[in-house]
Amino acid sequence: MTVRRGRIAVLALLLPSACGGSGTGAPSPALLQVGGTYDTAVALTEDGCGGVSVEPRPTVIGHTPGDARFTLAHAAINCAGTVSRDGAFGTEPVSLPDPAGTATVRIAGRFRITGFDADTTVELARTAGGSCRYVVRWTATKQGAANVLP
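Quick look at the structure:
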């Protein structure tokens, strides 16, 4: 009889772990994923410089799933940024040559499952003196697999 109890006790100890045991049974959380190529429509929403024209271009986001850091390439803009789990993002400022001087570009927005929306702010320091600012609204649609926003 003692042998049976020992076996039953051993089985009772093994069964919970075979059925999930002390684990929660919940699936592991999904990883943030926003990398890929996006068709990007643009609209000038503020033009303090006068005569600014904008054109749509594809945007490529380099991103390792789960990482908060990403890279962004759009026309002559190549920059790095961070994204939160809810999709809100911002880039580090990047300086670019402009025929009128030096342009400092900052991008802030939010990734969606099917793309992203962002405001691109350009501060232009004119070689001839003075500065101005313009803002471009980006509305991007992702090509391929949808974004994952856990």
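Using the numbering used here, the first residue of the sequence shown is number 1000, and each one after it goes up by one. Each residue gets a CB set at the ideal place from its N, CA and C atoms; glycine is no exception.
Coarse secondary structure for residue i, derived from DSSP in three states
i       : result
Cys1048 : coil
Thr1126 : coil
Asp1085 : coil
Gln1142 : coil
Thr1042 : Note on residue identity: the sequence assigns Ala, not Thr, to residue 1042. In this structure, Ala1042 counts as strand in the three-state DSSP scheme.
Pro1055 : coil
Leu1071 : strand
Tyr1133 : strand
Ala1117 : strand
Ala1029 : coil
First and last residue of the uninterrupted beta strand (DSSP E) at residue i
i       : result
Val1064 : The question names Val, yet the displayed sequence has Pro at residue 1064. No beta strand (DSSP E) contains Pro1064, which DSSP labels as neither H nor E.
Ala1102 : Gly1100 to Arg1111
Leu1148 : Note, Leu1148: premise wrong, no beta strand (DSSP E); not H, not E.
Pro1096 : Val1093 to Asp1097
Cβ-Cβ distance between residue i and residue j below 7 angstroms
i       : j       : result
Arg1056 : Ala1074 : yes
Gly1034 : Gly1061 : yes
Ala1042 : Arg1136 : yes
Val1147 : Gln1032 : yes
Span separating the alpha-carbon of residue i from that of residue j
i       : j       : result
Asp1046 : Arg1068 : 30 angstroms
Thr1126 : Ile1112 : 41 angstroms
Ala1040 : Pro1028 : 32 angstroms
Gly1022 : Asp1066 : Because Gly1022 carries a pLDDT of 49, less than 50, the predicted location of this residue cannot be relied on, and no value is offered for it.
Tyr1133 : Val1059 : 22 angstroms
Gly1020 : Arg1084 : The predicted model places Gly1020 with a pLDDT of 45, which falls under 50 and marks its position as unreliable; any figure quoted below should be read in that light. The straight-line gap from Cα to Cα measures roughly 30 angstroms.
Asn1077 : Ile1106 : 11 angstroms
Thr1120 : Val1082 : 18 angstroms
Gly1114 : Cys1131 : 30 angstroms
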